[in-house]
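The sequence shown runs 1 to 598 under the UniProt record's numbering.
Notes follow once the structure below has been shown.
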Amino acid sequence: MKSLLLSRRDLEFLLYEWLSVEELTERERFAEHSRETFDAVLDLCEQLATRYFAPHNKKSDANEPTFDGEKVTVIPEVKEAWDAFAEADLIAMSMEHRLGGAQLPAAVAQAAFAWFSAANLSTTGYLMLTMANANLLARFGTDEQVEEFVKPMLAGRFSGTMALSETQAGSSLADIVTRAEPADDGTHRLFGSKMWISGAEHELTDNIVNLVLAKIPGGPPGTKGISLFIVPKYLPGADGAIGERNDVVLAGLNHKMGQRGITNTVLNLGEGAYTPGGKSGAVGYLVGEPHRGIAYMFTMMNEARLGVGMGAVALGYTGYLKSVQYARERPQGRPVSDKDPSTPQVPIIEHADVKRMLLAQKAYAEGGLALLLYCAKLVDLQHSAASGEERNSTTLLLEMLTPVGKSWPSQWCLEANSLAIQVHGGYGYTREYDVEQHYRDNRLNPIHEGTHGIQSLDLLGRKVPARGGAGLAALGAAIGATVTEAGPLGGRIAEHASLLDAAWQRLAAVTAEMFGSGDVEAAMANSVIYLEAFGHIVVAWMWLQQEIAAHGRSGEFYDGKRQAARYFFRYELPKTAPQLDLLASLDRTTLEMRDGWF
């Protein structure tokens, strides 16, 4: 029976027929791998996700973590899933050999991890944060920090978090007030409170490694004065043992509309509940240099942003597969051309509007999956680059696509979940069917790791003008290469290439007009519209590349790819035209709105 989590056939098409990930094994970093090892990991992850993660997805939603004032209780199946994942050595699957990792390509690791996100995004959240935490510390931590914190995380003994936000600051990190005072022993003592911290209290692991942003008194103002600290739940003891309790405590749990199975916490640091060594404050270990915390944390944030995007894709994908199955099994109504009530009803998948909704879901889910795997392959090319030029070019593309990889799936795979509910009709919004939970779980992703507004400011305000527009030029060159490749193939592919080229050229022209106007305020006011248009054009590019990979191949799978691409170019890409017109006009409607007019 085919899985209703993801399509293995689609993963194989994207990895092997489109992205050609087997070619990565010709590079030294991945030389120990082969198609066989890649397939073995995909097999294992599908099996573990199906056996240990999917079965408790609805249970963890209905029985969210509780806090009795002293201890957080999570349903036991979460621990079983964590242990199964850790015992399979999957936490380190893309980490370097020197850390005990398998050094898998990120493209393969992300495809494999998507099974778990589709099965149970809440439980997977503990793992995603731990892996991103370990990656950051492996890059910027000392050898001692790697031994004390990274290796236990990779073994599954410790888990990790990222603690950025504060109640009064939200996403404006320049306004955080948590302070870190230097101590005589070389550590720092932290005082403050952190909000919206996922996975920061539970009994799943022996210790929890919190990465905390704080300001050292006397440092520069704003984000330039922020440093990064390891603040573990328990301090390191002798010979890897767990030491005394640190003064980082749970103030309470937040109760969310979705992803209810992962704890979402308010943490208090240095409130005096514990006094390690008889001194006040939570013990923190500085990561890297003082006042460079934002730069370090952005490596984890960018990884987490792409992780959020893949989580959104996975939820959109599983909802799509389940609505296809429902549409095939649900008889209702008759063809428009034959309303004879004595004839049998037809499955709703025969109705044109249902086909439209399923096609939209397919276009969003499969397009989003292609985008995230493309980004993952850029990570592989970056890490294994044979020259500085190759590393720089892949870095430029990855930087341009990261805000799109986070935001586009969070918006459009959520829309796919909405359409999945609609296909189910009245059953869709009942808790007896999975799709209502998928929607609630996915609704968090447009906010997680930075809202659309934040991603759009990053794209238009930072990435596009950076280095004299080098990133935009690099992306334009990559799209142009695909357009050139598609042209000689003729037919619909050539038509789609022409449409993509026209959309990109229009975007480039509008971008130049916006920056050339001198009205920065008006240009940035509609940055979200820019991000939406930009994202749709990028995903159209993903679909054109898939069409090229499917060219000349026969069978229902390839026909489905071609039809989804046709849908995207006919129904979705045209949405960008009025958006680009609006951007070119530098409209000030939102800017000129006043508080009292609402």
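Note that the Cβ used here is the ideal one computed from N, Cα and C, for glycine as well.
Which residue's Cα is closest to the Cα of Glu271: Met257, Phe191, Met400 and Val146? The shortest C-alpha to C-alpha distance from Glu271 to any of Met257, Phe191, Met400 and Val146 is the one to Phe191.
My parser needs the alpha helix (DSSP H) runs of 4 or more residues fully inside the segment 365-438; what are they? DSSP runs (the alpha helix (DSSP H)) wholly in the segment 365-438: 388-424.
Considering only the alpha carbon of each residue, which of Gly367, Arg562 and Ala107 lies closest to Leu42? Distances from the CA of Leu42 to each of Gly367, Arg562 and Ala107 were compared; the closest alpha carbon is that of Ala107.
Go to Tyr317, then tell me how far its alpha helix (DSSP H) extends in each direction, as first and last residue. Gly293 to Glu329 is the span of the alpha helix (DSSP H), which, as asked, contains Tyr317.
Cβ atoms of Tyr433 and Lys322: under 9 Å apart, would you say? The answer is yes: Cβ separation under 9 Å.
My output table needs one value for Arg179: the three-state DSSP class, helix, strand or coil. Three-state result, Arg179: strand.
In or out: Ala125 buried (at least 16 other Cβ within 10 Å) or exposed? The sequence shown places Gly at residue 125, rather than the Ala named in the question. That one is buried.
For the alpha helix (DSSP H) holding Val483, just list the boundary residues, first then last. Its alpha helix (DSSP H) spans residues Ala470 to Ala486.
Thr66: buried (16+ other C-beta within 10 angstroms of its C-beta) or exposed? Exposed: under 16 other Cβ atoms inside 10 Å.
Which one of Ala111, Arg98 and Leu48 has the shortest CA to CA distance from Glu87? Check the Cα spacing between Glu87 and each of Ala111, Arg98 and Leu48: the tightest is with Leu48.
Could you tell me the boundaries of the alpha helix (DSSP H) in which Phe149 lies? Secondary structure note for Phe149: it is in no alpha helix (DSSP H), with a DSSP letter that is neither H nor E.
Per DSSP, the bridge partner or partners of Tyr126: For Tyr126, DSSP records no beta bridge to any residue.
Please say whether Asn268 and Val287 have beta carbons closer to each other than 9 Å? Cβ atoms of Val287 and Asn268: not closer than 9 Å.
Leaving out five residues before and five after Asp206 in sequence, what residues of the same chain have Cβ atoms less than 7 Å from its Cβ? If we look at Asp206 and ignore the five residues flanking it on each side, its Cβ neighbours are Arg157, Phe158 and Ile242.
Pick from Thr590, Arg506 and Asp83 that is closest to Asp581, judged by C-alpha positions: Residue Arg506 is the option with its Cα nearest to Asp581.
For Phe254, count neighbouring C-beta atoms within 10 Å of its own C-beta (all shown protein chains included) and say buried if the count is 16 or more, exposed if not. The sequence given here has Asn at residue 254, not Phe. The residue is exposed, with fewer than 16 neighbouring Cβ atoms inside 10 Å.
So is the beta-carbon of Leu253 under 8 Å away from any non-hydrogen atom of the ligand SAH? Here there are no bound small molecules, and the ligand SAH is not part of this structure.
Give a yes or no on whether the C-beta atoms belonging to Met310 and Pro446 are separated by under 9 Å. In this structure, Pro446 does not lie closer than 9 Å to Met310 by Cβ.
Alpha carbon to alpha carbon, how far is Ala214 from Met195? Each residue's Cα considered, the two are about 13 Å apart.
Uninterrupted alpha helix (DSSP H) stretches inside the UniProt domain "Acetyl-CoA dehydrogenase-like C-terminal" (477-593) (no shorter than 4 residues): Complete alpha helix (DSSP H) runs here, min 4: 491-516, 520-525, 527-550, 556-567, 576-584 and 589-592.
As assigned by DSSP and simplified to three states, the class of Ile230: Ile230 sits in a strand when the DSSP states are folded into three classes.
Just to confirm the assignment, what range does the beta strand (DSSP E) spanning Arg189 have? Counting along the chain, the unbroken beta strand (DSSP E) around Arg189 starts and ends at His188 to Ser198.
Beta-carbon proximity of Phe515 to Ala523, cut-off 9 Å: Yes, the pair counts as a contact, with Cβ atoms nearer than the cut-off.
Please report the residue range of the alpha helix (DSSP H) in which Gly453 lies. Its alpha helix (DSSP H) spans residues His452 to Ser456.
What does Phe158 pair with, by DSSP beta-bridge criteria? Phe158 has Asn207 as its beta-bridge partners, per DSSP.
Quick check: what's the CA-CA separation for Lys406 versus Gln455? Annotation: Lys406 to Gln455 spans about 8 Å, alpha carbon to alpha carbon.
Can you find the residues in the same chain that come closer than 6 Å, C-beta to C-beta, to Thr73, ignoring five residues on each side of it along the sequence? The residues are Thr66.
Starting from Leu48, trace the alpha helix (DSSP H) both ways and give me its first and last residue. Judged by DSSP secondary structure, Leu48 falls within the alpha helix (DSSP H) whose first and last residues are Arg35 to Leu48.
Could you give the distance in angstroms between the alpha-carbon of Arg245 and the alpha-carbon of Gly69? C-alpha separation (whole angstroms): 16 Å.
Using 8 Å as the threshold, is the segment 332-344 in touch with the segment 454-471, meaning 3 or more CB pairs across them? Judged by Cβ distances under 8 Å, the segment 332-344 makes no contact with the segment 454-471, as fewer than three pairs qualify.
Delimiting residues of the alpha helix (DSSP H) encompassing Asn57: For Asn57, the enclosing alpha helix (DSSP H) has its first and last residue at Asn57 to Ala62.
Could you tell me which residues DSSP pairs with Ala163 in its beta bridges? According to DSSP, Ala163 shares a beta bridge with Val212.
Hey, quick one: how far does the alpha helix (DSSP H) through Arg8 stretch, first residue to last? For Arg8, the enclosing alpha helix (DSSP H) begins and ends at Arg8 to Glu12.
Can you tell me whether Val520 is buried or exposed? The criterion is at least 16 other CB atoms within 10 Å of its CB, across all chains shown. So Val520 counts as exposed.
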